[in-house]
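Presented below is the structure to which this report refers.
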Amino acid sequence: MAEVSLEPAQDLEFPDDPHATATGISNPKLAMWVYLASDCLLFGGLISTYMVYRNRPGEIEGLAGSSLQISELFDIPFTSMTTFILLMSSLTMVLSVTSAMRGDHQRMRLWLGTTALLGALFLGGQIYEFSVFVSEGAGFTTNVSTSAFFTLTGFHGAHVFVGVLMLLSMLGLSFKREIEAEGVEVLGLFWHFVDIVWVVIFTVVYLVV
Amino acid sequence: MTVVSERTPLALPGGEPSAQNHLGVFTRPTATQGWKSWFTTVDHKKIGIMYGAAALFFFLVGGLEALLIRTQLAIPGSDLLSAELYNQIFTMHAVTMVFLVVMPLAAAFANYLLPLQIGARDVAFPRMNALSLWIWLLGAIFFNSSWLLGGGADGGWFAYAPNSGVAFSPSHGMDFYAVGLLIMGIASTVSAVNLTVTVLNLRTPGMTLMRMPVFTWMTFIVQVLLVFALPVITVALFLLMFDRLFGATFFDASKGGDPFLWEHLFWIFGHPEVYIMILPAFGVVSEVIPVFSRKPIFGYPFMVGSGIAIGFMGWGVWAHHMFASGMGEISVLAFSLATMFIAVPTGVKILNWCATMYGGRLRFTTAMLFSVGLVAMFTIGGLSGVSHAVAPADTQQTDTYYIVAHFHYVLFGGAVLGLFSGIYFWYPKMFGMFLGETLGKWHFWLMMIGFNLTFGPMHMLGLQGMMRRTWTYSDGYGFNTWNLVATIGAFTLAVSVTIFLVNIWASYRAHKRNPVNPGPDPWDARSLEWMIPSPTPEYNFDETVVVEEFDEFWHRKYGHDEDGRLVRIAPTEEVAQHGGATGIHLPSPSYWPLVMAVGFPLVGYGLIFNLWWALPGALLMLVAIYGWVMEPPDAPSDHHDDLEGPDPVDSTGEPAELTSGEAQASAESDDAEEADSSEFTTEEAPVG
């Protein structure tokens with residue numbers, strides 16, 4: 001929103017650009033930015049919750065229930081690999097956006113599909129990880145720290161899942177009608193945001209124990 | 001001019017099937033009039049009116065609950081209501097008044113007025129606008145359906161643990177609270193994103209940020225606050241829901257949960273929420289007072305700046321709700337100071353309103369009376385508010401009737417009076433008829449008397465030590481007299497609200513007998529919405545207004561002579577638009593917002609009673625999303641700009657201007673009425 005103009009619109013009868021808006025940013029793109037700003041606070045709240053609870057069963061003596069700490073179960077090399085996969089999906093997303101901007105729809109479809117595939121791989125990794133944790137005795141309701149862990153990573157996973165659905169929908173739609181490059185770009189904004197959030201979660205949850 | 005029932009038809013050829021079979025089975029509804037059109041409309045004005053009507057209905061529901069509370073407390077030792085039922089009634093009263101009355105009533109004005117005040121044809125995403133209305137309305141009905149399904153929420157509106165836990169609140173009431181507020185939060189988020197984009201992007205040429213009316217500014221600040229505040233309560237409500245429905249222990253202290261976390265998350269949302277409720281009313285008053293003082297608003301940049309300051313500082317004062325929680329000296333000091341500071345921008349506003357009235361030619365219409373009432377009553381509430389900033393005093397006042405008195409002075413004396421002022425002020429613009437002034441003044445004065453009788457004594461009761469939320473009290477504490485006075489006041493308020501309803505009915509009857517159109521500008525007002533006929537035509541503006549200064553419409557009517565005196569330079573009829581425009585393209589109605597919204601309460605019931613029941617709701621939402629994306633963009637004669645093909649031609653035979661939401665003043669066109677052939681882009685962001 002840095003580009004909000006305080007000056008009078010320079011050309012009172014808008015320029016030839018059919019997408020002219022008062023800020024120069026198109027409506028969908030601005031809406032996505034505003035939504036992502038809102039989402040920042042959603043993850044802010046969830047990350048704070050996890051930070052408050054992460055070592056709680058170990059710190060407070062005499063608590064009812066399991067004192068198991070989820071961080072003892074982390075498999076850092078495995079999660080690093082799925083993190084790498086998710087980060088690479090940002091690269092393929094960028095390739096998809098540039099292809100769309102060049103009007104190269106074949107490539108755009110290829111990279112949209114690749115991005116969706118990488119996202120799905122990440123989700124698969126998360127499901128595998130969750131199932132390992134549960135089999136080791138750390139379920140959603142085991143104690144507050146496991147609840148906070150599954151809530152935080154689960155919300156992120158839900159975002160990735162929605163992102164994959166949107167990527168696949170856009171891929172499908174591109175066979176039916178022409179996709180605007182900006183539509184791909186706006187979807188890309190969401191996808192990169194989800195990646196950045198994962199970088200924070202991976203650091204805070206897995207690396208800072 | 002036209003009356004309500006004879007609206008100018010849309011340029012969209014009514015009744016003509018828009019089935020072009022774009023992508024198979026999806027077509028758009030065509031009705032633009034009659035009862036069906038209200039369910040599929042994407043018109044920001046109809047959506048605003050529906051928000052308002054529903055909010056007034058819930059105002060009566062919440063008011064009824066308030067009367068039950070006051071009847072119970074009228075005499076000591078009363079057993080009209082059981083303690084259990086009393087808990088439900090005060091919780092439902094509070095949640096209803098906050099989320100089902102004040103917020104949607106402000107949303108009604110925001111929807112109706114924002115596009116008009118910035119000179120736009122609609123909001124940025126008309127279908128998303130309809131979606132927010134339906135999600136909110138169905139969420140509100142879902143929330144109230146708890147009365148029939150085991151009892152309402154009973155943990156107080158801020159739902160502190162452990163009262164909100166299953167152990168102390170075993171009925172489904174608090175489940176409905178958590179899920180219902182989540183649903184309504186989604187609606188508010190969608191609406192806030194939409195209106196934020198609208199204000200930033202859809203301003204008419206020349207309408208810079210610092211030329212926007214103060215109402216637009218305050219509403220814009222509110223949308224930004226909503227964007228950032230709602231996700232925080234969303235997190236808190238999800239955690240509460242996981243606790244109650246899925247066996248987590250986030251707020252169960254015996255299992256390592258921290259009730260404090262809920263308090264922080266709730267009030268990080270809750271304090272900005274206070275400003276979310278009051279700033280729209282401040283905006284209304286800032287429109288009403290200049291008009292009826294015949295003076296521009298005093299210190300416009302300071303009005304805007306103090307609103308922004310309130311918006312920012314509102315994030316740094318939340319823990320003053322928690323002084324009694326034992327959170328530590330440093331926190332208490334910091335939040336005390338911040339709370340004292342936030343009184344400054346609010347004081348700036350009060351003084352600016354007084355300065356606007358000072359030396360003005362005042363006309364005490366009902367709208368003006370309500371606005372002046374807000375200035376006076378809110379000041380009392382503000383003063384008791386500053387007294388909360390003094391932590392030692394606040395520790396004594398916490399959870400007493402003193403707090404109840406304070407927030408009713410700011411929310412009833414502030415928000416509700418301001419919104420009533422707005423209703424009397426914009427009623428002619430919305431419905432093409434006045435609300436009666438005689439009954440209006442009865443309404444105002446009875447409301448003032450009743451309000452002060454109800455909530456004034458609560459200051460005394462609180463300082464005497466009467467706790468809030470107590471379901472009854474014993475004889476001999478000295479509470480009897482003031483409680484009886486407060487109950488008499490509550491029934492006086494009920495009478496005044498009844499007069500308001502009678503006024504609506506009587507004004508409608510009088511208008512039917514003798515239709516007199518108020519004309520575009522009945523109050524000799526200042527902002528753009530008064531430039532167009534009353535009631536507002538579907539397409540808002542005949543032609544795009546090019547704005548050159550703040551209070552553009554006023555400056556087109558009035559100038560100054562060489563002595564600096566105000567002189568009329570043009571009659572209103574010459575300046576105002578006449579509403580005969582044709583060929584203006586508007587977004588088509590759509591079924592999908594309503595279809596998608598129906599999915600939300602279904603998922604809600606599923607979460608509470610049986611997860612399988614959530615499945616049809618989720619499927620319905622999924623279908624609606626794809627229906628939404630794939631329905632043809634517009635009427636049959638139009639092509640959307642993401643489609644290939646030769647230059648599209650609209651129904652008038654001229655090349656259609658494919659602008660994105662912006663009305664385009666076509667310079668080449670000779671005929672001003674035909675100048676506007678722009679269209680809306682109804683394509684939303686894929687996440688829509």
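Here the protein sequences line up with chains A and B, keeping their order.
Residue 1 is where the first sequence starts when you use my numbering, and the numbers rise one by one after that.
Residue 1 is where the second sequence starts when you use my numbering, and the numbers rise one by one after that.
Yeah, the Cβ is synthetic: ideal placement off N, Cα and C, and Gly gets one too.
Exercise. Give the C-beta separation of B/Ala-389 and B/Met-327 to the nearest angstrom, bearing in mind that I take them to be a contact with Cβ-Cβ under 8 Å.
Key: Actually they do not touch by this definition, with Cβ atoms about 15 Å apart.
Quiz prompt | Meets three-Cβ-pair contact criterion under 8 Å: the segment 59-67 of chain B and the segment 118-133 of chain B | solution = no
Self-check item: Straight-line gap, B/Ile-141 to B/Ile-75 (C-alpha atoms, nearest Å)
Solution: 33 Å
Quiz item: Can you tell which of B/Ala-130, B/Ala-83, B/Pro-616 has its C-alpha closest to the C-alpha of B/Pro-601?
Solution: B/Pro-616
Quiz item: Using a beta-carbon distance below 8 Å, is B/Glu-674 in contact with chain A?
Solution: For B/Glu-674, the predicted structure reports a pLDDT of 33, less than 50, and the residue's modelled location is therefore unreliable. A value from the coordinates is still provided. False, the Cβ-Cβ gap to chain A never drops below 8 Å.
Quiz item: Would you say A/Val-52 reaches chain B, if we count a Cβ-Cβ gap shorter than 8 Å as a contact?
Solution: yes
Exercise. Throw me the rounded Cβ distance for the A/Ser-89 and A/Gly-113 pair, which I believe falls under 8 Å.
Key: A/Gly-113 and A/Ser-89 do not touch by the CB rule: their CB atoms are close to 11 Å apart, not below 8 Å.
Practice problem: Verify whether the separation of the beta carbon atoms of B/Phe-292 and B/Arg-363 is less than 8 Å. | Solution: yes
Quiz item: Ends of the alpha helix (DSSP H) at A/His-159?
Solution: 144-176
Quiz prompt | Any chain D beta carbon closer than 8 Å to B/Phe-250 | solution = The structure shown contains no chain D; the protein chains it does contain are A and B.
Self-check item: Closer than 8 Å to chain B by CB, A/Gly-137
Solution: no
Exercise. Could you work out which residues of chain A lie near B/Pro-231, taking near to mean beta carbons separated by less than 7 Å?
Key: Close partners of B/Pro-231 in chain A (Cβ separation under 7 Å): Ser-38, Asp-39, Leu-41, Leu-42, Gly-45.
Quiz item: Nearest chain B C-beta to A/Phe-78 closer than 8 Å, yes or no?
Solution: no
Quiz item: For A/Thr-141, which residues in chain B fall below 8 Å Cβ to Cβ?
Solution: Under the 8 Å cutoff, chain B gives Phe-246, Gly-247, Ala-248, Thr-249.
Quiz item: Using a C-beta cutoff of 8 Å, does A/Leu-68 count as contacting chain B?
Solution: no
Exercise. Identify the contact partners of B/His-258 in chain A, using a Cβ-Cβ distance below 7 Å as the criterion.
Key: It should be pointed out that residue 258 of chain B corresponds to Asp in this sequence rather than to His. Ordered by position in chain A, the residues that pass the 7 Å Cβ test against B/Asp-258 are Val-52.
Practice problem: Could you list which residues in chain B have their beta carbon closer than 9 Å to that of A/Arg-56, in chain order? | Solution: Those are Gly-256, Gly-257, Asp-258, listed as they occur along chain B.
Quiz item: If you follow the alpha helix (DSSP H) that B/Tyr-402 is part of, which residue opens it and which one closes it?
Solution: 401-410
Quiz item: Between B/Gln-664 and B/Val-547, what straight-line distance do the alpha-carbon atoms span, to the nearest angstrom?
Solution: Confidence at B/Gln-664 is low in this model, with a pLDDT of 36, below 50, so the placement of that residue should be treated as unreliable; the coordinate-derived value is given next. Rounded to the nearest whole angstrom, the C-alpha separation of B/Gln-664 and B/Val-547 is 14 Å.
Quiz item: Roughly how many angstroms lie between the CA atoms of B/Ala-178 and B/Leu-239, to the nearest whole one?
Solution: 9 Å
Quiz item: Per DSSP, which one or two residues make a beta bridge with B/Gly-559?
Solution: B/Val-567
Quiz item: What does a CB cutoff of less than 8 Å around A/Glu-182 pick up in its chain, not counting 5 residues either side in sequence?
Solution: Ser-26, Pro-28, Lys-29
Practice problem: Pick helix, strand or coil for B/Met-207, following the three-state DSSP scheme. | Solution: It is coil, neither helix nor strand.
Quiz item: Hey, A/Leu-121 and A/Phe-161: beta-carbon distance below 8 Å or not?
Solution: no
Quiz item: With which residues is B/Met-467 paired in a DSSP beta bridge?
Solution: When beta bridges are read from the DSSP output, B/Met-467 appears opposite B/Thr-400.
Quiz prompt | Whole alpha helix (DSSP H) elements within the segment 63-88 of chain B, 4-residue minimum | solution = none
Quiz item: Does the Cβ-Cβ distance between B/Tyr-626 and B/Leu-586 come in under 8 Å?
Solution: no
Exercise. For A/Ser-71, decide whether its Cβ has a neighbour in chain B, counting only Cβ atoms nearer than 8 Å.
Key: no
Quiz prompt | Partner residues on chain A for B/Leu-265, Cβ-Cβ distance less than 7 Å | solution = Gly-45
Self-check item: Interfacial residues, the segment 542-555 of chain B to chain A, with Cβ spacing under 8 Å
Solution: Val-546
Quiz item: Can you give, in chain order, each stretch of the alpha helix (DSSP H) that sits fully within the segment 486-554 of chain B and has at least 4 residues?
Solution: none
Practice problem: Taking B/Arg-203 as the query, report the chain A residues whose CB atoms sit under 7 Å from its CB, ordered along the chain. | Solution: Within chain A, the residues near B/Arg-203 are Ala-22.
Quiz item: Which value, in whole angstroms, describes the spacing of the CA atoms of B/Ser-677 and B/Leu-620?
Solution: With a pLDDT of only 34 at B/Ser-677, under 50, the local geometry of the prediction cannot be trusted, and the value read off the model is given with reservation. The alpha-carbon of B/Ser-677 is positioned some 36 Å away from that of B/Leu-620.
Practice problem: Let me know the secondary structure DSSP gives B/Phe-298 once reduced to three states. | Solution: B/Phe-298 sits in coil when the DSSP states are folded into three classes, being neither helix nor strand.
Practice problem: Output the distance between the C-alpha atoms of B/Phe-251 and B/Trp-262, rounded to the nearest integer angstrom. | Solution: In a straight line, the C-alpha of B/Phe-251 is about 7 Å away from that of B/Trp-262.
Quiz item: Since B/Gln-577 is in the alpha helix (DSSP H), which residue starts that stretch and which ends it?
Solution: Unbroken run through B/Gln-577: none, as it is neither H nor E.
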